[in-house]
Amino acid sequence: SRSPHTATLLPSGKVLVVGGASTAELYDPATGTWSPAGNMAASRMFHTATLLPSGKVLVAGSYGIDNSAELYDPATNTWSPTGSMAVPRSFHTATVLPSGKVLMTGGFEGSYAPDTTMEEYDPATGTWAWVGTMISSRAGHTATLLPSGQVLLTGGESHSTAQAELLGL
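Below you can see the structure in the form of structure tokens.
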């Protein structure tokens, strides 16, 4: 069994299931079968798994304070390392922006306290860039891309009274 894990729908219609272990699996809803999807470099839980415009999946962070990230390529069924986040994260969010970059917000950091930091992953270069801080520290929150291109952050564990914030990146 896997827990806590993520399930990411791939363009092929298969679902990549990651977490609770260092292994990953693919579920094919057309046949109702499971197949191996290789081994990640690290066991992950409370991470994010984000489908990139290229069809690859960015898996980042983990409980136990992990700033590593890796990419799953469904075309080759392989994992490869990519740049590490500046801040260790778990219970964070990952949002694909209109630019194709991925915005990481908040989560628990090294001291297991909700964090205010934000950074972006650039799939073209495999690097991360600092993009600022949120008004309120957050972990276990949501981040929703709005039609305007803004990102709405709501809820989560926080050390502030702010209930929501709107990011215009």
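UniProt numbering applies: residue 1 is where the sequence shown begins, and numbers increase by one.
Every residue, glycine too, gets a C-beta built ideally from N, C-alpha and C.
The model shown is predicted, which means the values in this text are computed figures rather than measured ones.
Hey, out of S111, D73, V131, whose CA is closest to A24's CA? Residue mapping note: residue 24 aligns to position 24 of the sequence shown, counting from 1. For the residues S111, D73, V131, the minimum Cα distance to A24 belongs to D73.
Run the CB neighbour count on G32, radius 10 Å, all protein chains shown included, and call it buried at 16 or more, exposed below. Sequence index remark: in the sequence shown, residue 32 carries index 32 (1-based). The residue in question, G32, is exposed, as its Cβ has fewer than 16 Cβ neighbours within 10 Å.
Relative to the C-alpha of T127, which candidate in T48, R138, S68 has its C-alpha closest? As a working note, residue 127 is residue 127 in the sequence shown. Answer by Cα proximity: S68.
When you compare each of L58, A21, T93, G61 to T142 by their alpha carbons, which one comes out closest? Here the question's residue 142 lines up with position 142 in the sequence shown. The option with the nearest alpha carbon to T142 is T93.
State buried or exposed for L167, treating a residue as buried only when at least 16 other CB atoms are found within 10 Å of its CB. The sequence position of residue 167 within the sequence shown is 167, counting from 1. Around the beta-carbon of L167, 16 or more other beta-carbon atoms lie within 10 Å, marking it buried.
Looking at C-beta atoms only, is the number of pairs between the segment 43–56 and the segment 75–94 that lie closer than 8 Å three or more? yes
Check whether the Cβ of T78 sits closer than 6 Å to any heavy atom of the ligand MG, and report yes or no. This structure simply doesn't include the ligand MG, nor any ligand for that matter.
Determine the burial state of L26: buried for a count of at least 16 other Cβ atoms within 10 Å of its Cβ, exposed for fewer. Translated into positions along the sequence shown, residue 26 becomes position 26. It is buried - the Cβ of L26 has at least 16 other Cβ atoms within 10 Å.
Tell me where the beta strand (DSSP E) around G132 begins and ends. Within the sequence shown, residue 132 is the residue found at index 132, counting from 1. First-last of the beta strand (DSSP E) with G132: 127–138.
Is the beta carbon of L81 sitting closer than 7 Å to the one on D66? Here the question's residue 81 lines up with position 81 in the sequence shown. Here the question's residue 66 lines up with position 66 in the sequence shown. Here residue 81 turns out to be Pro, not Leu, going by the sequence shown. No, the Cβ-Cβ distance between P81 and D66 is not below 7 Å.
Output yes or no for whether 7 Å exceeds the beta carbon distance between S22 and S54. As a working note, residue 22 is residue 22 in the sequence shown. As a working note, residue 54 is residue 54 in the sequence shown. Not in contact: S22 and S54 (Cβ atoms no closer than 7 Å).
When DSSP builds the beta bridges, which residues end up paired with A7? As a first step, residue 7 must be located in the sequence shown, where it is residue number 7. Answer by DSSP bridge pairing, in chain order: V17.
Are G132 and S90 close, meaning C-beta to C-beta below 7 Å? Your numbering for residue 132 matches position 132 in the sequence shown. Your numbering for residue 90 matches position 90 in the sequence shown. No; because the gap between Cβ atoms is not below 7 Å, this pair is not in contact.
Residues near S12 by beta carbon distance below 8 Å, same chain, minus five either side: As a position in the sequence shown, residue 12 is number 12, starting the count at 1. When the five nearest sequence neighbours on each side are left out, the beta carbons in the same chain lying within less than 8 Å of the beta carbon of S12 are those of P74, in order along the chain.
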